[in-house]
Amino acid sequence: MNTPAIVAQVLDKIPIHYWTRRIFDLPILLKWSRIPRGASILEVGCNKGETARYLSAKLKCLNYIAIDIDPQRVARAESEADNPTNLIFQRADVCKLPFEDESFDAVIMIDLLHHLEDWRKAIREVHRVLKYGGVLLMRDYSIETFTMPGMGFVLQQLFNHPYHHMYDQIELLTYLRKNGFVMTHQNDMPWLLIFSAVKKLAGKKHH
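In this text, residue positions in the sequence shown follow our numbering: the first is 2, and each later residue adds one.
Right, here's the structure in full:
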């Protein structure tokens, strides 16, 4: 078994990612969210559903659809969901979302984009399904995380990501602005991106 597979198994048994999100990152995103009660929310890259279960209850939304491309993760998320009435897990690809234009008041994307080779297409799809004035809430890493002195090399040995396709922070934020988003909040950590962005009220051509 290779090193990334071993790391994945360890993280599956010790969900440190989930607890750090819940304690530190999700309260920040909730503070910035501007999501009204009764909203329709899409989470992309839901993994085993921990964040979806927490946020669907916290946000008092009308419906919360959480997707992942891995059917095994979706099945596990469904098995642990306790049948909430407003939460649906679904297998889908963020680069080809099976939803109509302007379907959601908010899209939540946590620790997904740095895994994708075609991250630009994912951004365009998120923009398409968001309503005008809708909000994108995002927490993720960038190439700066995996190239910082010392720790960056260690992370590259542990995690098998598409580093040659990965964006830097300026590149990602610039692409969001060029494709119809207005940044509303952003953290200042050089190795972790946490931000909210609102879809402009007028259409904007994708590049």
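All C-beta atoms, glycine included, are put in the ideal place defined by N, C-alpha and C.
Every value quoted in this text rests on a predicted model; they were computed, and no experiment measured them.
Beta-carbon separation of residue 140 and residue 111 under 7 Å?
-> yes
Segment contact flag, the region 78-95 with the region 39-51, C-beta cutoff 8 Å, min 3 pairs | yes
Should residue 133 be labelled buried (16 or more other beta-carbon atoms within 10 Å of its own) or exposed?
-> exposed
Determine which residues share a DSSP beta bridge with residue 67 and list them.
-> 44, 90
Let me know the secondary structure DSSP gives residue 77 once reduced to three states.
-> helix
Helix, strand or coil at residue 121 according to DSSP, with G and I counted as helix | helix
Tell whether a beta-carbon distance below 7 Å holds between residue 60 and residue 39.
-> no
Residue 140 in three-state terms, based on DSSP = strand
Rounded to whole angstroms, what's the CA-CA distance from residue 189 to residue 195? Just pull it up for me.
-> 9 Å
What separation, rounded to the nearest whole angstrom, lies between the Cα atoms of residue 120 and residue 185?
-> 21 Å
Any chain D beta carbon closer than 7 Å to residue 65 | In the displayed structure, chain D is absent; only one protein chain is listed.
Length of the line joining the Cα atoms of residue 113 and residue 95 = 10 Å
Please find out if some non-hydrogen atom of the ligand ADP comes closer than 6 Å to the beta-carbon of residue 199.
-> Absent from the structure shown: the ligand ADP. Ligands present: none.
Please classify residue 98: is it buried, with 16 or more other beta-carbons within 10 angstroms of its beta-carbon, or exposed?
-> buried
Backbone secondary structure at residue 9 - three-state DSSP = Bear in mind that a pLDDT of 48 at residue 9, under 50, signals an unreliable position, so the model cannot answer this.
Do you know offhand how far residue 73's Cα is from residue 45's?
-> 15 Å
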